[in-house]
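Input: a single structure, listed below in structure tokens.
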Amino acid sequence: MDDQAPATTLILALGNPLRADDGAGAAVIKALQGCRLPPDVELLDGGTPGLETVLYFEGRSRVIVVDAADMGLEPGEWRRFTLGDIRLKSNDMALRGTLHYAGLAEAVALAGAMDALPAELVIYGIQPQSLDWQTGLSDVVRTAVGAVARQIVQELGR
Amino acid sequence: MTSMTIDVHHITRVEGHGNIVVNVVNGKLEQCDLAIVETPRFFEAMLKGRPYQEASHITSRICGICATGHATASLRAAENALGVVPTKQTKLLRKLALFGEILDSHILHVYMLVAPDFLGVGSVIPLAKQEPEIVMRALRMKKLSGDLCAIITGRHTHPIAMTVGGFTHYPTKEELFDIRKRFEAARVDLKETVDLFESLELPAFTRETEYIALRKPDEYAFIDGEIASSDGGAWPLEDYLTVTNEYLVPHSSAKHAKNQRDSYMVGALARINVNFDRLHPHAKSVAEQLGLKPVVTNPYAISVAQVVEIVHAVEESIHILDELIGNCLKWEEPVKPERLSGEGVGAAEVPRGTLFHHYTIEDGLIQKANCVIPTGQNLANIEADMRALVPTILDKSEKEITQSLEMLVRAYDPCISCSAHLLNVEFVR
């Protein structure tokens, strides 16, 4: 594996499936595993890698991140956006203070500082209904998972 | 004459919440405290009444960085209480997992938390801008150590496969081969790391103190052994309370500790001071290259000692991987306890120093638990260093003094959230 060049497009799920709808990203990856995708696309359930997310960006021309996101929408609503469209809010004083809880916002800031962002970084955010300590998605988020997976297949086919 | 008050509310780039308070009146140091304001965690109370098998999983949650260290000390305490002797393979796997964690923690500390001070940048973000390759290297090495933990213990943090008497899951041969290959390749990053730290100049400050670490006759001790002091003296683990002598101070929610002097140090530098002769030969030559020759009395050198331990952990990990591959790692059922009641102490050298767990178990349920955490043992020593340091730098600006003090506290890599316990008060009527 080490000697091969990585696939140029990475679909990266972030989130913890033990926290209910935070498993939305992982569910999208699962749905995509059953789809026919272009050969240069890799699927990865990244879990909660924190700053190490930066390593997944290395050598990729395009990264599509799928994650539960609090966008102030109705539960189950989803959006496709790029970094230019939004401002990612850091959850705490990560990078300045403690390094606990570093998430996508911190990883993107770090990658940006290193000039290590992929040429194209797309984020699919799904508004969660519940982030309780349980497995399984809520009905509205499960519906969104199918729609997001279809949209990603379409985007990859373009 | 100088008068000043320094109040660093919430020191950054350490784990947890602590404040530095310094008060100088007419050139005389009146107050110099490291105030620990972290909430107590209640873990020892949580263990009461729980089955012994749960203790390692519960206490691993004390820390997201030293999860394997807590699990290891916890398992050894339960095993000593119940007469369980783990197999050679179990010992090797536990050591390997602990090396993974030591690497992860040391790399995070030296690169993300300490290096920005020495390279004159405020945090890791400007460091990433200025020296992207340094930060990328740190992330690469961190991921490798996390992946090592994951194949041995079932996940990156909070080991799930480690249990009393052994393991409930084993890595595949392919996983062992693959991670060994990656460790071999990491030697390049290792060399770059050593070169980077060779180029950094430590603040000139020394203060003699007592250095304490676990010691074993035939290896640089990480799990078990006896408690050894640089001042002379060695104690069996069961006597840890006569070494730690914990006491309360008003300004800290974490207890302080002292042994033969008013304070002592645990951690990477203490280990090197106590166990230099048992370092892996490569690590020993790196120590010499970096100018560490025991007894090292500059606390800022803790970070350098961590670099030496990074080399030691990588070399030893490769050695253990070879042994596991050569012996054809096999499935072993966990060793069953001989009895279900007893009392035992377990100890491990975790990234920040010596960690003790002590359990009393009756009919399989924990009746009493005590955890003595490295940062708690270091707090009195950090304050003693601060008190010795401040008078020597009073001619500097308040900003420079603050910076020196913050760097000093940071050097100890304090894990403040882990060290705050709650006092258990019983009223006598």
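Chains as they are written, first to last, in our numbering: chain Y, -15 to 142; chain L, 26 to 454.
Note that beta-carbon positions come from the ideal geometry of N, C-alpha and C, so glycine has one too.
- Under DSSP, Y/Gln118 takes part in a beta bridge, and its partners are Y/Arg3.
- The residue among L/Asp264, L/Glu200, L/Ser85 and L/Arg75 with its C-alpha nearest the C-alpha of L/Leu349 is L/Glu200.
- Put simply, of L/Ile237, L/Gly401 and L/Ile177 the residue whose alpha carbon is nearest the alpha carbon of L/Leu294 is L/Ile237.
- In the displayed model, L/Cys57 falls within a strand according to three-state DSSP.
- Closest option to Y/Val124, judged by alpha-carbon separation, among Y/Glu26, Y/Gln135, Y/Ile110 and Y/Asp116: Y/Ile110.
- Rounded to whole angstroms, L/Glu156 and L/Ala122 show a C-alpha spacing of 30 angstroms.
- L/Glu235: not part of any alpha helix (DSSP H); member of the beta strand (DSSP E) spanning Glu235 to Arg240, first to last residue.
- Of the residues assessed, L/Phe247 falls on the buried side of the cut-off, its CB having 16 or more other CB atoms within 10 angstroms.
- Taking a Cβ-Cβ cut-off of 8 angstroms, the neighbours of Y/Leu94 in chain L comprise Val149, Ile150, Ala153 and Val160, given in sequence order.
- Within the stretch 164 to 184 of chain L, contact with chain Y at the beta-carbon level (separation under 7 angstroms) is assigned to Leu164, Arg165, Lys167 and Lys168.
- Nearest CB-CB separation between Y/Leu2 and chain L: not below the 8 angstroms threshold.
- By the criterion of a C-beta distance shorter than 7 angstroms, Y/Gly30 is surrounded in its chain by Leu(-4), Ala(-3), Leu(-2), Thr37 and Tyr40, once the five residues flanking it on both sides are discounted.
- Within chain L, the residues placing a beta-carbon under 7 angstroms from that of Y/Glu36 are Leu164, Lys167 and Lys168, ordered along the chain.
- Around the beta carbon of Y/Thr119, fewer than 16 other beta carbons lie within 10 angstroms, which makes this residue exposed.
- With respect to chain Y, the C-beta atom of L/Pro439 has no partner C-beta closer than 8 angstroms.
- If you keep only unbroken beta strand (DSSP E) runs of at least 3 residues inside the stretch 214 to 279 of chain L, you get 235 to 240 and 251 to 254.
- According to DSSP, Y/Glu104 shares a beta bridge with Y/Arg46.
- Among the residues facing chain Y, L/Pro319 is not included, as its CB has no counterpart in that chain under 8 angstroms away.
- About 6 angstroms separates the Cβ atoms of L/Gly292 and L/Pro399, confirming a contact at the 8 angstroms cut-off.
- A buried status is given to L/Cys57, since no fewer than 16 other beta-carbon atoms sit within 10 Å of its beta-carbon.
- For L/Ile418, there is no enclosing alpha helix (DSSP H), as DSSP marks it with neither H nor E.
- Under the 10 Å beta carbon count, Y/Leu57 is surrounded by fewer than 16 other beta carbons and is classified as exposed.
- With its beta carbon at least 8 angstroms from every one in chain Y, L/Pro399 lies outside the interface.
- Separation of the CB atoms of L/Asp256 and L/Ala409 is rounded to 15 angstroms, and the pair is thereby denied contact status at 8 angstroms.
- The beta carbon of Y/Leu2 sits closer than 8 angstroms to those of Trp117, Gln118 and Thr119, all from its chain and outside the five residues before and after it, given in chain order.
- DSSP places Y/Met55 outside any alpha helix (DSSP H), giving it a letter other than H or E.
- Taking 8 angstroms as the cut-off, the Cβ atoms of L/Ala80 and L/Ala98 do not count as close.
- Rounded to whole angstroms, the gap between the alpha carbons of L/Val397 and L/Ala70 is 14 angstroms.
- Counting the other CB atoms within 10 Å of its CB gives Y/Tyr108 a total of 16 or more, which places it among the buried residues.
- Under a 10 Å Cβ-count criterion, L/Trp356 is classified as exposed, with fewer than 16 other Cβ atoms of the shown protein chains found around its own Cβ.
- Spatial neighbours of L/Ala338 in its own chain (CB-CB distance under 6 angstroms, excluding positions within 5 residues in sequence) are listed in chain order as Phe124, Ile127 and Leu128.
- A straight line joining the alpha-carbon of L/Val135 with that of L/Phe301 spans about 20 angstroms.
- According to DSSP, L/Gly371 shares a beta bridge with L/His382.
- Only those residues of the stretch 376 to 387 of chain L whose C-beta falls short of 9 angstroms from the nearest C-beta of chain Y would be listed, and there are none.
- Judged by beta-carbon spacing, L/Ile343 lies beyond the 8 angstroms limit of L/Leu317, meaning their Cβ atoms are not closer than that value.
- Contact residues of the stretch 24 to 48 of chain Y toward chain L are Leu35, Glu36, Val38 and Leu39 (C-beta to C-beta distance below 7 angstroms).
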